[in-house]
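A.B. asks: Sharing a structure below in structure tokens format, with a few things to ask.
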Amino acid sequence: MKNQKIMTSLNDQELARLEALNKLREIGIEPFPAEAFEVSHLSEDIQSKWSEEVEGDYMEVSLAGRLMMKRIMGKASFGELQDSAGRIQIYVQRDDICPEEDKTMYNDVFKKLLDIGDYIGIKGFVFRTRLGEITVHVKELTVLSKSLRVLPIVKTQIDKETGKETVYDAFKDPDARYRMRYVDLTVNEGIKDIFIKRSRMISTMRSYFDQKGWLEVETPALQPIHGGAAARPFKTHHNALDMPLYLRIANELYLKRLIVGGFDGVYEIGKMFRNEGMDRTHNPEFTSMEIYVAYKDYIWMMEMVEDLLEHITRSLHDGIAEVEYDGKIINFAGPYERMSMYESIEKYTGTDISNMDEAALGKFCKSQGVSIDATMGRGKLIDELFGEKVEAHLIQPTFITDYPIEMTPLAKKHRIKEGLVERFELFVNGKEIANAYTELNDPIDQRERFEEQLKLAAKGDEEAMVLDEDFLRSIEYGMPPTSGLGIGMDRLAMLMTNKKSIQEVLFFPQMRPEQKK
RNA sequence: GAUUCCGUAGCUCAGCUGGUAGAGCAACGCCCUUUUAAGGCGUGGGUCCUGGGUUCGAGCCCCAGCGGGAUCACCA
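Be aware that the first sequence starts at 1, since it is given in this note's numbering, and climbs by one per residue.
Structural data, given as structure tokens:
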């Protein structure tokens, strides 16, 4: 009865696969065997290393993977086996896999009961076909796992005259691809590479930091006070403590406590959560890297970022420090251009705003066609102006330095320039990808800045920071001069893999629940 | 949140001024021992996203909803 219920929800192709599975069992072949299958080679090993000269080394190979194509021609067939590294053609002859009278293994199992997507193991030898394709001649075939669903079969034809490539039946609906990433990864070439690059990007960064002697740490993701950034948090509740907790929007205040505790350098690569809108550069959970190094300032940090990004880019792109993004060549070899925020506005509007007061600035924004409202203070006006007039021009990596104090409550006041803080952001392709300060370690100044934030909150600013008394206590014990940096790892991954949507660099981007059928 | 486009077979898509649903691949059956989008002959397969409405008649028109994409806004 249970079976019947399943049956009615299946289409004809899925029914055929279920029947094939039952028939395999009838023949005495377990479609989901428990035994391990020993693999000697990956498809890629053979494709790249085999030649007639070393033929002798490839007389007994065993491979495992999904059967992705069958081309049956009577008593012999070709197929394609896809493993973790790629694909290789296989050649299956009836009398080879069925040396005895009984031809079931070929006539029934291979020709009829095996479907595209099934996992098989093969043993045989490598040869080259008349048409020149390196192929495994199968002597022994093992069913490793049955696939009950139909994979979309992507086929590519290359026109022999024009060399033009045509793709048939691409599995390209973004909705389906993100919801069923396992199918996307199986069927679409190049998807794995994105995530392999992402993984290597992170491991390269980690080993760079480790080599400098900085310590990778972990700090709470569940926080009683959501500090360190201006954003709306996710709220949850702990039952045993009967208290509200927030998913972290940043880890800055915890990492600084560790600097107070005496580490010279600490960093954390981890998930942050922000309860805000989603678009092609925002996912509710995202990966950030934050690092704090004692006895340094933001000028030192700019040099570190140049070296780090150049190093990562080279290690991901065969030693080259350039990436192509959105049709542009972006060069990550340092040094990068540096401009103060005021200089950048002057460069792209022709006007020096450094001495304007709030009223004059408001007037200037209007004259530039920047829409403003009455609640905006001086800092916010500058930020708007920058966003409208400057950001889009910053294609090559560019440091923008020295921000108005109002919007940056955790950065140290500028050593010379009144009303500014020692902060930089790194822009690439018109987008911010890194943010750094000379950290504020003066506890009295820090308390005043928090109090300013409280006033903003009282005025209704939902994103104003909350005062963290324990954090203040920690720096009252004494925090060394420190520079800190944050990098949005997803956005960096987008740059490194030439993807325009954050969903393309996340295995499982956040989605609405699937509609029930 | 706003605007806009899209949702038809397992996949990719067509479907005219409204007339009762099609193609290729995939599936099923038969033929074929070096093919490669293999080929040839034949067969089956649909909640046209959901719910209302207009109409003699809706995949198509109208309304509402669901899901997704793009652009903008918001957001370090």
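Every residue gets a Cβ at the ideal spot worked out from N, C-alpha and C, and that includes glycine.
Which of the three DSSP states is assigned to Tyr336 in this structure?
C.D. replies: In this structure, Tyr336 counts as coil in the three-state DSSP scheme.
A.B. asks: Relative to the C-alpha of Thr408, which residue among Gln368, Glu425, Thr398 is closest?
C.D. replies: Out of Gln368, Glu425, Thr398, Glu425 has the C-alpha closest to the C-alpha of Thr408.
A.B. asks: Since Glu606 sits in a beta bridge, which residues does DSSP pair it with?
C.D. replies: An answer regarding residue 606 cannot be provided, because it is not within the stretch 1 to 517 covered by the chain.
A.B. asks: Please state the DSSP three-state secondary structure of Leu247.
C.D. replies: In this structure, Leu247 counts as strand in the three-state DSSP scheme.
A.B. asks: Is Met341 helix, strand or coil by DSSP?
C.D. replies: Three-state DSSP puts Met341 in a helix.
A.B. asks: Ile372 to Cys365, Cα distance in whole Å?
C.D. replies: So the two alpha carbons sit approximately 7 Å from each other.
A.B. asks: Between which residues of its own chain and Glu337 is the CB-CB distance below 6 Å, once the five residues before and five after are set aside?
C.D. replies: Correct list, in chain order: Thr398.
A.B. asks: With a CB to CB cut of under 7 Å and the five nearest residues on each side skipped, what residues in its chain are close to Arg447?
C.D. replies: Closer than 7 Å at Cβ, skipping near neighbours: Leu472.
A.B. asks: Assuming Gly484 is part of the beta strand (DSSP E), what are its boundary residues?
C.D. replies: Counting along the chain, the beta strand (DSSP E) containing Gly484 begins and ends at 482-488.
A.B. asks: Within 10 angstroms of its Cβ, does Gln503 collect 16 or more other Cβ (buried), or is it exposed?
C.D. replies: So Gln503 counts as buried.
A.B. asks: Going by Cα to Cα distance, which pick from Asp118, Lys111, Lys500, Leu141 is closest to Phe125?
C.D. replies: Taking only the C-alpha atoms, the option nearest Phe125 is Leu141.
A.B. asks: Which residues mark the beginning and the end of the alpha helix (DSSP H) in which His311 is found?
C.D. replies: Counting along the chain, the alpha helix (DSSP H) containing His311 begins and ends at 298-316.
A.B. asks: Identify which residue in Ala493, Arg248, Leu394 has its Cα closest to the Cα of Gly228.
C.D. replies: Of the candidates Ala493, Arg248, Leu394, the one whose C-alpha sits nearest the C-alpha of Gly228 is Arg248.
A.B. asks: So, under 8 Å CB-CB, Met201 and Met496 are touching, yes? Tell me the CB distance rounded to an integer number of Å.
C.D. replies: Their Cβ separation, rounded to whole angstroms, is 6 Å, which keeps Met201 and Met496 in contact under 8 Å.
A.B. asks: Closer than 6 Å by C-beta to Lys5: which residues in its own chain qualify, once you throw out the five before and the five after it? Chain order, please.
C.D. replies: At Lys5 the pLDDT is 40, less than 50, meaning the model places this residue with poor confidence and gives no usable figure here.
A.B. asks: Could you tell me how far apart the beta carbons of Ala76 and Leu42 are, in whole angstroms, since I believe they sit closer than 8 Å?
C.D. replies: Not quite, the Cβ-Cβ distance comes to about 25 Å (not below 8 Å), so this is no contact.
A.B. asks: Would you check if the segment 271-290 and the segment 477-494 touch, i.e. whether three or more CB-CB distances between them fall below 8 Å?
C.D. replies: The segment 477-494 is in contact with the segment 271-290.
A.B. asks: Does the Cβ of Gln223 have 16 or more other Cβ atoms within 10 Å, making it buried, or fewer, making it exposed?
C.D. replies: Buried.
A.B. asks: If you run the structure through DSSP and keep just helix, strand and coil, what is Ile291?
C.D. replies: Correct three-state label for Ile291: strand.
A.B. asks: Measuring CA to CA, which of Asp95, Phe127, Glu19, Phe78 is closest to Trp50?
C.D. replies: Ranking Asp95, Phe127, Glu19, Phe78 by Cα distance to Trp50 puts Phe127 first.
A.B. asks: Quick check on DSSP: helix, strand or coil for Pro404?
C.D. replies: Note: Pro404 maps to strand in three-state DSSP.
A.B. asks: Suppose contacts are defined by Cβ-Cβ distances below 8 Å. Is Gln89 in contact with Thr135 by that definition?
C.D. replies: Contact: yes.
A.B. asks: Output the distance between the C-alpha atoms of Leu492 and Ser501, rounded to the nearest integer angstrom.
C.D. replies: Using only the alpha carbons, I get a separation of about 12 Å.
A.B. asks: At 4 residues or longer, what runs of the alpha helix (DSSP H) sit wholly inside the segment 29-96?
C.D. replies: Within the segment 29-96, the complete alpha helix (DSSP H) runs of at least 4 residues are 43-49.
A.B. asks: Report the CB separation of Val39 from Ala64 in whole angstroms; it is logged as a contact under 8 Å.
C.D. replies: Correct: roughly 5 Å between the Cβ atoms.
A.B. asks: Taking the DSSP output, what are the residues bridged to Phe286?
C.D. replies: According to DSSP, Phe286 bridges with Met272.
A.B. asks: Apart from the five residues just before and just after Tyr348, which ones in its own chain have a Cβ nearer than 8 Å to its Cβ?
C.D. replies: Cβ neighbours of Tyr348 beyond the five flanking positions: Lys389, Val390, His393.
A.B. asks: Kindly indicate the opening and closing residues of the beta strand (DSSP E) around Glu432.
C.D. replies: Per DSSP, Glu432 belongs to the beta strand (DSSP E) from 431-438.
A.B. asks: Looking at C-beta atoms only, is the number of pairs between the segment 433-446 and the segment 457-467 that lie closer than 8 Å three or more?
C.D. replies: Flag = no, the segment 433-446 and the segment 457-467 do not touch.
A.B. asks: In angstroms, rounded to a whole number, what distance separates the CA positions of Ala170 and Leu151?
C.D. replies: Roughly 11 Å between the two C-alpha positions.
A.B. asks: If you count every other CB in all the chains shown that lies within 10 Å of the CB of Tyr477, and 16 or more means buried, which is it?
C.D. replies: By the neighbour-count rule (16 or more Cβ atoms within 10 Å), Tyr477 is not buried but exposed.
A.B. asks: So which of Thr236, Asn429, Asp118 has the shortest CA-CA distance to Glu30?
C.D. replies: Of Thr236, Asn429, Asp118, the residue nearest in Cα terms is Asp118.
A.B. asks: Between which two residues does the beta strand (DSSP E) harbouring Arg423 extend?
C.D. replies: First-last of the beta strand (DSSP E) with Arg423: 420-428.
A.B. asks: On the CB-based measure, 16 or more other CB atoms within 10 Å of its CB, does Phe32 come out buried or exposed?
C.D. replies: That one is exposed.
A.B. asks: Could you round the C-beta distance between Met356 and Phe386 to whole angstroms and report it? I think they count as a contact, below 8 Å.
C.D. replies: So it is not a contact: roughly 14 Å between Cβ atoms.
A.B. asks: For the alpha helix (DSSP H) that Glu551 lies in, which residues bound it at each end?
C.D. replies: The structure shown does not extend to residue 551, since the chain is modelled only from 1 to 517, so the question has no answer here.
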